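In the numbering used here, the protein residues as written are 6 to 428.
Written out below as structure tokens is the structure these notes cover.
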């Protein structure tokens, strides 16, 4: 038995170990309730601090972004004002210059009118004298031209006579030659004409007979020319065709075009040219250089006198195209540079957008984590409040607990308390 003095009535009473343990439990429950309340207060303060800290961080971030935007707008506005001021100054200078030019033009106009008046008067007098002299010269020139015309007429008659004699001689020579010999003579003629100019006009050109008959067909001559870098400028496949006037079966130029086109393709030549004396009476082929490209790509039919001119024309066109090709390559390189610049800009934009998206995502994640923390603290608060309610109910039950209620239905405890009361 322990003796306990009541703090209210100052009376002493004795309790056994079970009663003392019950009283001690009540004291501990009261301390536990105070501890719970203290911890709830601390948790509430932590929650408020976390919320305020999150709000402060968000507010600071937004203020920093707003400050940066204001700074960028100020710089942009300043740049625009400077640019506008410069343009206005430039326009003022241009207006002043134009005004000065107009003033100078007026002065020059007046001076020019005066000078022109003097010149016109002088030229009028000179023209009158010149007209007289021209009349005299006209008479002399008329007489001279008449004499010259008569002289040239005699020379042309002599030339025509010489040509007629040469044509008769050529016809006589053709009658004496076989068909094969005439063809070989045409090839020799073209080769000789080319060799005459090879050293001066075609120093870097290749012009040789086509001796490659692996594919079962071959042309007569191949012309190729490369630049200093080894790139091909132009290539031509030549075929020479002729026949004697006494040949019974006359061939046509069109009979050889298909085979010539096949030879051009097989020998990888850009152009094909048929040098022909066939169809001698045809006005179509006698007109000069005939373009057959509507039937066969890049093909021409020419008479022998146009052999060198067709090479020169095609070669000059190819040389001109080299310049266009170089300019085209330059433009393509410039387009590539612009494309690379645009690709770099797009890469920068994509990288900036990706970094901005990642930063925005992390910022959103941080906000979500803060919300989760607030939600977790709210749940902790609710749990603590629920625990407080349960503790309050437990305390009420403890306060309602009396010795009478404890001993009700329990004879042993009733006997013990009765014995304590009797003592």
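Glycine included, each C-beta is placed from N, C-alpha and C at the ideal position.
Predicted, not measured: the structure shown is a model, and the values here were computed from it.
Residue 197 and residue 309 have their alpha carbons spaced roughly 12 angstroms apart. Counting every other CB atom within 10 Å of its CB across the protein chains shown gives residue 224 a total of 16 or more, marking it as buried.
Exclusion of the five residues before and after residue 268 leaves 222, 224, 242 as the residues of its chain whose Cβ lies within less than 6 angstroms of its Cβ. When the beta-carbon positions are compared, residue 304 and residue 285 stay at least 8 angstroms from each other. DSSP links residue 213 through a beta bridge to 227.
Per DSSP, residue 305 lies in no alpha helix (DSSP H) segment; the continuous beta strand (DSSP E) that holds it begins and ends at 304 to 307.
Contact between residue 240 and residue 264 does not hold, since their C-beta atoms are separated by about 18 angstroms, which reaches or exceeds 8 angstroms. Assigned with DSSP and collapsed to three states, residue 243 falls in strand. In the three-state reduction of the DSSP assignment, residue 69 falls in the helix class, which pools H, G and I.
Per the Cβ contact rule, the region 210 to 220 is not in contact with the region 254 to 263 (fewer than 3 Cβ pairs under 8 angstroms). Residue 69 and residue 101 have their C-alpha atoms spaced approximately 48 angstroms apart.
Contact between residue 138 and residue 238 is absent: CB atoms are separated by about 56 angstroms, not below the 8 angstroms threshold. Bridge partners of residue 295 according to DSSP: 306. Within the DSSP bridge table, the entry for residue 287 names no partner. In the three-state reduction of the DSSP assignment, residue 222 falls in the coil class, being assigned neither a helical nor a strand state. For residue 96 and residue 126, the gap between their C-alpha atoms comes out near 44 angstroms. From the listed residues 315, 423, 416, 387, the smallest Cα separation to residue 45 is found for 387. Under a 10 Å Cβ-count criterion, residue 14 is classified as exposed, with fewer than 16 other Cβ atoms of the shown protein chains found around its own Cβ.
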